[in-house]
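Novice: Quick one: this structure, given as structure tokens, is what I'll be asking you about.
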Amino acid sequence: MPLFSDCRTGAVLNSDVFAPWDDPQAKPLIQFQNVTKRFGEFTAIDNLSLDIFEREFFALLGPSGCGKTTMMRMLAGFETPTEGHILLGGQDIDPIPPNKRAVNMMFQSYALFPHLSVWENIAFGLRRDNMPKHDLEERVEEMLRLTRLEQFARRKPHQISGGQRQRVALARSLAKAPKLLLLDEPLGALDKKLRQDTQFELMDIQEKTGTTFVIVTHDQEEAMTVASRVAVMDQGQLMQVSTPDRIYENPVSVYVADFIGDVNIIEGRAAPSGEDSYQIDWAEGQAPLTASSPTGFSNGQSCHLAIRPEKVTISAERPSDAVNAVQGKVHDIAYLGNLSTYYVELANGIIIKAQTANTRRISRRSFTWEDPVWLSWTATAAVLLAN
Amino acid sequence: MNRLSWFNTVSLTLGFAFLYIPMIILIVFSFNESKLVTVWAGFSTKWYGELLQNEAFLDAAWVTIRVAVFSSTLATILGTAAAYVLVRGGRFFGRTLFSGMIYAPLVMPEVITGLSLLLLFIGIGLDRGILTIVLAHTTFSMCFVSVVVSSRLITFDRSLEEAALDLGCSPAQAFRLVTLPIIAPAVISGWLLAFTLSLDDLVIASFTSGPSATTLPIKIFSAVRLGVSPEINALSTIMIAVVTVGVITASLVTKRAMVRQQQDEMAAARTE
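Listed in order, the protein sequences are those of chains H and C.
The opening position of the first sequence corresponds to residue 1 in our numbering, with each subsequent residue numbered one higher.
The opening position of the second sequence corresponds to residue 388 in our numbering, with each subsequent residue numbered one higher.
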């Protein structure tokens with residue numbers, strides 16, 4: 001599965017790229033059909049439809065309370081939809097209890113059984129299927145090898161570290177070779193360094209086993225790293241479902257643009273100026289900005305211009321060939337080591353963020369506080385959004 | 388170690404003297420040679436020997452132990468089931484009423500509990516004996532078990548049960564294989580509590596016991612009304628010894644388990 005391949009960066013479709021969602025013939029493994037879930041008065045999931053394909057690493061991303069955990073719990077069988085249906089491999093799974101589903105879940109708290117050893121934890125699900133002793137032992141050993149836990153097999157969960165517990169939880173949920181593995185904030189309890197290592201381990205294991213993974217997370221970096229597709233959710237609805245690069249580069253709404261990564265949002269009114277090209281009036285006394293957009297805008301329609309800070313160039317002089325250039329002074333600098341974010345205040349008080357890679361040592365930084373600077377970006381750098 | 392101020396020393400001495408002087412006197416006089424309880428006449432263990440010959444006391448002790456074992460086991464099963472439903476049953480109709488009602492017997496005067504059970508047994512024509520005492524003890528000790536077990540269940544990570552279901556357990560299997568082993572310490576302490584309550588109950592047992600079955604507390608109480616004998620001192624000393632050994636063992640076991648858990652966790656953190 002080409003998780004690192006250039007399918008991330010290019011929109012070019014090529015036949016060996018894994019993209020069943022673009023293939024109208026592909027049969028989805030999971031189908032949410034107009035699913036609504038209410039808890040009393042509260043609507044957790046609002047008439048949601050979604051297809052997830054086999055071998056996908058699918059991420060549900062959103063702030064807490066957006067309904068992502070409810071979707072996962074419905075897949076596991078701990079909740080049933082109030083309206084609509086969920087199909088797994090074409091079969092309606094709503095009436096099937098959790099213990100009869102070919103779905104396993106890795107819990108946020110890991111939920112390891114404290115009274116059983118690592119070995120017995122992994123064997124737990126296999127024992128329920130009355131697997132023959134020999135096959136069972138072989139399968140457990142295989143899982144221990146896969147998660148590099150051989151030397152901890154006899155230990156109890158409290159005798160191993162957090163990262164090891166996380167791997168036991170993964171091994172236990174993978175042992176039954178489920179059609180679908182659900183991961184509920186699987187890396188939330190790990191520190192940053194360990195989390196990054198584990199993300200790659202997860203992708204590696206997913207690739208090896210060929211299992212379909214659905215991961216719930218509120219960490220956008222994590223979702224972008226591991227997932228083949230990301231669904232951004234808010235208030236029980238899907239805001240956008242796409243590959244990580246499209247979510248980042250072509251957000252369909254201000255909400256998505258703002259939720260994923262850092263962004264400058266400029267409000268204005270669009271005026272068509274040629275094919276797919278618009279002039280945006282955004283502030284009095286300022287020249288209109290130029291942006292291109294495949295979606296049509298009528299004359300005078302209000303719009304938002306979303307520009308990622310790393311696509312804004314900061315310079316002392318106005319670049320001669322710049323399509324969009326505005327002048328301001330440096331209001332603040334956030335130094336992150338590898339990057340610096342400049343907060344530039346324009347004449348009308350608007351603050352625009354510009355990010356540059358620190359390719360030089362900081363003592364030779366070109367700009368400092370209160371310096372007058374020019375910000376510029378190309379016509380295609382910004383995304384024009386209606387709402 | 389800090390030295391205590393004179394005020395704290397006095398408080399401590401007075402408090403513990405108040406608690407333990409009666410028991411110490413009882414223990415000392417159980418080794419008294421004389422038949423008179425209040426006159427010291429030299430050291431002897433003869434009353435312990437006599438006690439072992441006393442059929443009536445031995446019978447009563449045997450009845451007491453059987454009643455305690457049966458009633459505490461029954462109370463543990465019922466109390467655990469009640470706690471599980473009240474904590475896990477969600478919001479079913481009448482839940483608040485039920486959870487209030489399960490705690491009511493805790494504050495109910497024992498005389499009333501005993502009397503009401505007596506009336507019930509007479510009403511349904513049940514002959515009073517071991518069975519009626521077991522039923523009565525189960526009734527009042529099951530709410531204690533329920534309190535102990537439900538306080539453990541409230542802090543129980545529910546996702547453990549969900550994980551068991553997810554891995555293919557039926558709800559009954561999930562309870563037997565995951566929930567019960569984890570809450571076992573609470574269930575065991577509930578059983579011990581019910582056992583102790585049954586052992587030392589006098590009031591309810593005296594309402595519900597019959598001529599065929601007398602428990603030790605009833606026996607002691609009626610014997611004392613005829614005059615305190617050194618035999619009873621000896622019996623009480625044995626009971627104190629048993630309880631002391633039990634309490635010390637329990638606290639040592641708990642402490643060792645805690646120390647080991649801490650060492651394991653520290654060792655685990657080092658392997659990170």
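Glycine is no exception: its CB is placed at the ideal position from the N, C-alpha and C atoms.
For the 8 Å Cβ check, are there 3 or more pairs between the region 358-374 of chain H and the region 323-330 of chain H?
Specialist: Yes, they touch.
Novice: Closer than 7 Å by beta-carbon distance: list the chain H residues that pair up with C:I569, in chain order.
Specialist: The answer, in chain order, is P114, H115.
Novice: Applying the criterion that 16 or more other CB atoms from any shown protein chain within 10 Å of the CB defines a buried residue, is H:I247 buried or exposed?
Specialist: Burial call: buried.
Novice: Compile a chain-ordered list of the residues in the region 73-105 of chain H whose CB is closer than 7 Å to at least one CB of chain C.
Specialist: Residues A76, F78, P98, N99, N104, M105.
Novice: Is there contact here, the region 578-592 of chain C with the region 443-462 of chain C, by at least three beta-carbon pairs under 8 Å?
Specialist: Yes: at least three Cβ pairs fall under 8 Å.
Novice: Nearest by alpha-carbon distance to H:N358: which of H:L336, H:Y343, H:A291 is it?
Specialist: Per the Cα distances, H:L336.
Novice: Give the DSSP-derived three-state secondary structure of H:G56 in the structure shown.
Specialist: Contrary to the premise, residue 56 of chain H reads as Glu rather than Gly in this sequence. In the structure shown, H:E56 sits in coil (DSSP, three-state: anything other than H, G, I, E or B).
Novice: Go ahead and label H:E299 buried or exposed: buried means 16 or more other beta carbons lie within 10 angstroms of its beta carbon, across all protein chains shown.
Specialist: Position check: residue 299 of chain H holds Asn in this sequence, whereas Glu was assumed. With fewer than 16 Cβ atoms within 10 Å of its Cβ, H:N299 is classed as exposed.
Novice: With DSSP as the reference, please indicate the residues paired to H:A231 in a beta bridge.
Specialist: For H:A231, which the question treats as bridged, DSSP gives the partners H:L60, H:V241.
Novice: Restricting to Cα atoms, I'd like to know which of H:D276, H:K311, H:E185 is closest to H:A291.
Specialist: Ranking H:D276, H:K311, H:E185 by Cα distance to H:A291 puts H:D276 first.
Novice: Rounded to a whole number of angstroms, what is the C-alpha to C-alpha distance between C:D651 and H:K208?
Specialist: Rounded to whole angstroms, C:D651 to H:K208 spans 33 Å at the Cα level.
Novice: In three-state terms, what does DSSP make of H:G119?
Specialist: The sequence given here has Trp at residue 119 of chain H, not Gly. Correct three-state label for H:W119: helix.
Novice: Comparing the C-beta of C:S546 with each C-beta of chain H, is any distance below 7 Å?
Specialist: Cβ-Cβ to chain H under 7 Å: yes for C:S546.
Novice: I want to see whether chain C comes within less than 7 Å of H:H218, judged by CB atoms only; does it?
Specialist: With 7 Å as the cut-off, H:H218 does not count as an interface residue toward chain C.
Novice: Would you please verify whether the beta carbon of C:G555 is less than 7 Å from any beta carbon of chain H?
Specialist: With 7 Å as the cut-off, C:G555 counts as an interface residue toward chain H.
Novice: C:M529: buried (16+ other C-beta within 10 angstroms of its C-beta) or exposed?
Specialist: Per the 10 Å Cβ criterion, buried.
Novice: From H:S109, H:Q166, H:V241, pick the residue whose C-alpha is nearest to that of H:F53; which is it?
Specialist: Closest by alpha carbon: H:V241.
Novice: Rounded C-beta distance between H:V263 and H:A257? I'm assuming under 8 Å.
Specialist: Yes, H:V263 and H:A257 are in contact; Cβ-Cβ is about 5 Å, under 8 Å.
Novice: I want to know whether the region 180-188 of chain H touches the region 210-228 of chain H - three or more CB-CB distances under 8 Å.
Specialist: Yes, the region 180-188 of chain H is in contact with the region 210-228 of chain H.
Novice: Go through its chain and collect everything with a Cβ distance to C:Q649's Cβ below 6 Å, but skip five positions before and after it.
Specialist: Excluding residues within five positions, none has a Cβ falling inside 6 Å.
Novice: List the residues that DSSP assigns as beta-bridge partners of H:V216.
Specialist: Bridge partners of H:V216: H:L60, H:D184.
Novice: Determine, for C:A559, whether the minimum Cβ-Cβ distance to residues of chain H falls below 7 Å.
Specialist: No, C:A559 does not count as interfacial toward chain H.
Novice: The alpha helix (DSSP H) with C:Q650 in it runs from where to where?
Specialist: 617-657 is the span of the alpha helix (DSSP H), which, as asked, contains C:Q650.
Novice: If we ignore side chains and look at the alpha-carbon of each, how far apart do H:D6 and H:A316 end up?
Specialist: Per-residue confidence for H:D6 stands at a pLDDT of 39, beneath the threshold of 50, marking its modelled position as unreliable; no derived number is given.
Novice: Taking C:E714 as the query, report the chain H residues whose CB atoms sit under 8 Å from its CB, ordered along the chain.
Specialist: No answer is possible for residue 714 of chain C: it lies beyond the span of chain C, which begins at 388 and ends at 659.
Novice: Check this for me: beta carbons of H:M72 and H:L182, under 7 Å apart or not?
Specialist: Yes, the Cβ-Cβ distance between H:M72 and H:L182 is below 7 Å.
Novice: Would you say H:G188 lies against chain C (beta-carbon separation less than 7 Å)?
Specialist: No, H:G188 lies away from the interface with chain C (no Cβ there is under 7 Å from its Cβ).
Novice: Taking H:G163 as the reference, which of H:N130, H:M131, H:A177, H:T198 has the closest Cα?
Specialist: Looking at the Cα atoms, H:T198 is the closest of the given residues.
Novice: Around the Cβ of H:Q206, are there at least 16 other Cβ atoms within 10 angstroms (buried) or fewer (exposed)?
Specialist: Looking at its Cβ environment, which holds 16 or more other Cβ atoms inside 10 Å, H:Q206 is buried.
Novice: Measuring CB to CB, does C:V535 end up less than 7 Å from C:G487?
Specialist: Contact flag unset, no.
Novice: Please state if the CB of H:T70 and the CB of H:K37 are separated by a distance shorter than 7 Å.
Specialist: A contact, by the Cβ cut-off of 7 Å.
Novice: Beta-carbon of C:V474 versus every beta-carbon of chain H: anything under 7 Å?
Specialist: Output row for C:V474: interface = no.
Novice: When the cut-off is 7 Å and only beta carbons count, does C:A644 lie next to chain H?
Specialist: False, the Cβ-Cβ gap to chain H never drops below 7 Å.
Novice: Use the C-beta contact count for H:Q166: other C-beta atoms within 10 angstroms, 16 or more gives buried, fewer gives exposed.
Specialist: Classification for H:Q166: buried.
Novice: Bridge partners of C:C530, per DSSP?
Specialist: Note: C:C530 sits in no beta bridge, so no partner.
Novice: Please decide whether H:G125 counts as near chain C, where near means a Cβ-Cβ distance under 7 Å.
Specialist: Output row for H:G125: interface = yes.
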